[in-house]
Amino acid sequence: MLEPFDWVRLARGGAELMTTLRFIQNEALDTKDHPVAGPHSALSGPCIRCGVYSRRPRKTYCSTCSFILSKTPNYIQASKDSLLLWGQTGGGIPRPLRHPHQKIAKFIYGPAFFKDNAFLLGIKSFKLITFLREIVFAHGYDLSGHFLIFPTVGTNPKMTMNDVLITAMRQRLPIIPDQLTITFMPNMYWSVNSRKMWKGYDNSAPIQEFIALLDTAQTFKHIFGPQDQDHILNILNSSSFQEKMFHWHRFVGLQDTSVQEFLSTINMVNWLSEQRTYFFEILPYVSYNTTN
Ligand SMILES: [Zn+2]
């Protein structure tokens, strides 16, 4: 009857999805003994959520749907703190996900496997870099595949979690990249065409480049608090080149030598505006703690 991925697709909001993924991870969605519903009648019929299993007596949901919905409020914060990762690989499921050891299992939700080379998981966003490093540790740079990473959404009637997932899954690539490539979508107001280009900036990168980007973002966030970040963005968004350079050099001159070296290395002042916007959109998803 319903497979794990069918349960995933029933989730209307991020918290419901994270609940479902956690139960899949804990193998708590065992429905083999659940009675399948008969046809609709005046007094009974299938569960109004899954449309497959019998409703509980005098209720509108089956026992599994009731279970998921009753636990969903416990996962609202988990949904806000997490990202979703839709992965397709060329050489089977990545080793760290086949039997996740305790270190990884603590910060992922799922995975739910789709066929033999695709999966969906939730991951605490501040741990994304740790997870990607585990993948590299296990496979080097030999794994072929594509990870599409994006935030959850709430129960927005205009765009449900289900809509987002279906959009993500439609982007199954006809040819898996030889080198594991990461596409990060920092917000959900995206179109199918934006997979490759986000606001004009190419948001796909080989895994090592993406890890380096997250690492830079973590260091940046570690050095600069929210007020400094706003100040930097204001300077860099200046419409006048001379004004931008004047205020930038003034700002850099006030920093410690090590910070000056960092800013010089990343060369942020010369980034394209799309690259800058992308970087600042990523910041909320990385920790200010560089040991993560
Ligand atoms: Zn149900």
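For what it's worth, my numbering labels the leading residue of the sequence shown as 14, then goes sequentially.
Built from N, CA and C at the ideal position, the CB exists for glycine as well.
All of these numbers come straight from a predicted model, not from anything done at the bench.
Straight-line spacing of the CA atoms in N175 and F132 works out to 15 Å.
If you ignore the 5 residues before and after A118, its C-beta comes within less than 8 Å of the C-beta of Q38, all in its own chain and listed in chain order.
The residue among S54, I61, S57, F223 with its C-alpha nearest the C-alpha of L23 is I61. The three-state secondary structure of W261, taken from DSSP, is helix. Taking each of H159, E147, F126 in turn and checking the Cα distance to D191, the smallest one comes out for H159. Burial is judged here by how many other beta carbons sit within 10 angstroms of a residue's own beta carbon; P109 has at least 16 and is buried. Judged by their CB atoms, K257 and L267 are not nearer to each other than the 8 Å cut-off. Less than 8 Å separates the beta-carbon of S138 from that of S95. The Cβ atoms of T194 and P219 lie closer than 8 Å to each other. Distances taken from the Cβ of Y154 to the heavy atoms of ligand 1 include none shorter than 7 Å.
The residues W20, V21, A24, I81, in chain order, have a CB closer than 7 Å to that of T33 in the same chain once the five nearest residues on each side in sequence are set aside. Inter-residue distance for T143 and C63 is about 35 Å (C-alpha atoms, whole angstroms). Those residues that have a beta carbon less than 6 Å away from any non-hydrogen atom of ligand 1 are, in order along the chain, C60, R62, C63, Y66, Y74, C75, T77, C78.
The C-alpha of R263 is placed about 30 Å away from the C-alpha of F223. Judged by beta-carbon spacing, T102 lies within the 8 Å limit of N130, meaning their Cβ atoms are closer than that value. 8 Å or more divides the Cβ of I162 from the Cβ of L226. Secondary structure of L96 (DSSP, three-state): strand.
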